[in-house]
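K.L.:
These protein sequence lines map, in sequence, to chains Z and E. Throughout, the numbering used here is defined as the position within the first sequence, counted from one, plus 1. Throughout, the numbering used here is defined as the position within the second sequence, counted from one, plus 1. Have a look at this one.
There are 2 protein chains.
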Amino acid sequence: MILELADIRIQPGRQAEFDAAILHGIQSVIAHATGFLGYKVHKGIDTPERYLLTIHWATLADHTVGFRQSEAYGQWRAIVAPFFAQPPVVEHFDLLHGTDAA
Amino acid sequence: MILELADIRIQPGRQAEFDAAILHGIQSVIAHATGFLGYKVHKGIDTPERYLLTIHWATLADHTVGFRQSEAYGQWRAIVAPFFAQPPVVEHFDLLHGTDAA
């Protein structure tokens with residue numbers, strides 16, 4: 002299992018629209034992808050235009066190949082990309098340790 | 002409950018030392034702070050010098066005032082800061098939604 006972190010900056014003042022769009026995009030597209038295990042969306046307190054989308058995938062290739070090279074990736078981008086102020090910064094991580102079930 | 006994300010870049014080649022140091026710092030210092038609820042440490046796959054430290058605090062002030070203005074903050078910095086390649090980028094977030102217990 003690996004973690005994808007997408008660090009997202011949206012256009013100012015569009016938070017309410019984006020809150021609905023990202024939930025719709027996850028539930029209608031990403032949640033159906035092979036290897037998708039779960040997600041969280043966090044909203045910035047210090048920077049209100051910043052969102053963190055974290056997704057657990059079974060394998061790195063489930064995201065980088067299976068999802069990104071599928072038609073579903075275009076569907077996802079069509080839903081969320083109109084709100085982006087700049088391209089999201091996306092990287093992948095392994096869990097080192099933690100106690101956090103929250 | 003709020004999420005702190007510390008986006009950390011360490012000096013190349015010091016991963017094994019830092020893995021031990023950050024665990025020691027969390028367990029010996031941060032875990033005893035008022036309002037600390039849990040943490041995770043993730044290690045970069047795409048960028049091996051990048052670490053994500055996420056901490057759940059009961060309130061924003063538990064981190065920004067209670068912890069950062071305490072003597073414990075200096076103890077924490079003394080353990081981890083020698084490995085930093087640059088100052089970590091730290092911001093705070095609210096959970097919007099998610100299904101992820103991982």
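Glycine residues also receive a C-beta, built at the ideal position from the N, C-alpha and C atoms. Computed from a prediction, not measured in an experiment: that's the story for all the values here.
For Val-81(E), which residues from the same chain have a beta carbon less than 7 Å from its beta carbon, with the 5 sequence-adjacent residues on both sides left out?
P.N.:
Only Ala-22, Ile-23, Gly-26 meet the Cβ criterion.
K.L.:
If I follow the unbroken beta strand (DSSP E) through His-57(E), where does it start and stop?
P.N.:
Residues 51-58.
K.L.:
Any beta-carbon of chain Z closer than 7 Å to the one on Tyr-40(E)?
P.N.:
Yes, because at least one Cβ of chain Z sits closer than 7 Å to the Cβ of Tyr-40(E).
K.L.:
Looking only at its chain, what residues have a beta carbon closer than 6 Å to the beta carbon of Phe-94(Z), apart from the 5 residues adjacent to it on each side?
P.N.:
Cβ neighbours of Phe-94(Z) beyond the five flanking positions: Leu-4.
K.L.:
Where does Gly-39(E) sit, in a helix, a strand or coil, going by DSSP?
P.N.:
In this structure, Gly-39(E) counts as strand in the three-state DSSP scheme.
K.L.:
Would you identify the three-state DSSP class for Arg-78(Z), choosing helix, strand or coil?
P.N.:
Looking at Arg-78(Z) - three-state DSSP - the assignment turns out to be helix.
K.L.:
Distance, Cα to Cα, Ala-73(E) vs Ala-32(E)?
P.N.:
So the alpha carbons of these two residues sit roughly 10 Å apart.
K.L.:
Quick test of your reading: Phe-68(Z) and Ile-11(Z), contact by CB under 8 Å. State the CB separation rounded to the nearest angstrom.
P.N.:
Wrong, their Cβ atoms sit about 21 Å apart, outside the cutoff.
K.L.:
Against chain E, does Phe-94(Z) count as a neighbour if the rule is that its beta carbon must be under 7 Å from one of theirs?
P.N.:
Taking Cβ atoms only, chain E reaches closer than 7 Å to Phe-94(Z), which makes this a yes.
K.L.:
Whole angstroms is fine: what's the gap from Ala-7(Z)'s alpha carbon to Arg-15(Z)'s?
P.N.:
Rounded to whole angstroms, Ala-7(Z) to Arg-15(Z) spans 18 Å at the Cα level.
K.L.:
Buried or exposed: where does Gly-45(E) fall if 16 or more other Cβ atoms within 10 Å of its Cβ makes it buried?
P.N.:
Result: buried.
K.L.:
Does the beta carbon of His-98(Z) come closer than 7 Å to any beta carbon on chain E?
P.N.:
So yes, His-98(Z) belongs to the interface.
K.L.:
For a contact meaning CB atoms closer than 9 Å, what does Arg-51(Z) contact in chain E?
P.N.:
Residues of chain E passing the Cβ test: Glu-92, Phe-94.
K.L.:
Tell whether a beta-carbon distance below 7 Å holds between Thr-60(E) and Lys-41(E).
P.N.:
Not closer than 7 Å, so no.
K.L.:
Hey, how far is the Cα of Gln-87(E) from the Cα of Thr-48(E)?
P.N.:
Whole-angstrom Cα-Cα distance: 15 Å.
K.L.:
Between the Cα of Asp-101(E) and those of Pro-13(Z), Ser-29(Z), Ala-17(Z), Gly-39(Z), spot the shortest distance and give me the residue it belongs to.
P.N.:
For Asp-101(E), the nearest C-alpha among the options comes from Gly-39(Z).
K.L.:
Strictly under 7 Å for the Cβ-Cβ distance: is Leu-24(E) near chain B by that measure?
P.N.:
Protein chains in the displayed structure are Z and E, and chain B is not among them.
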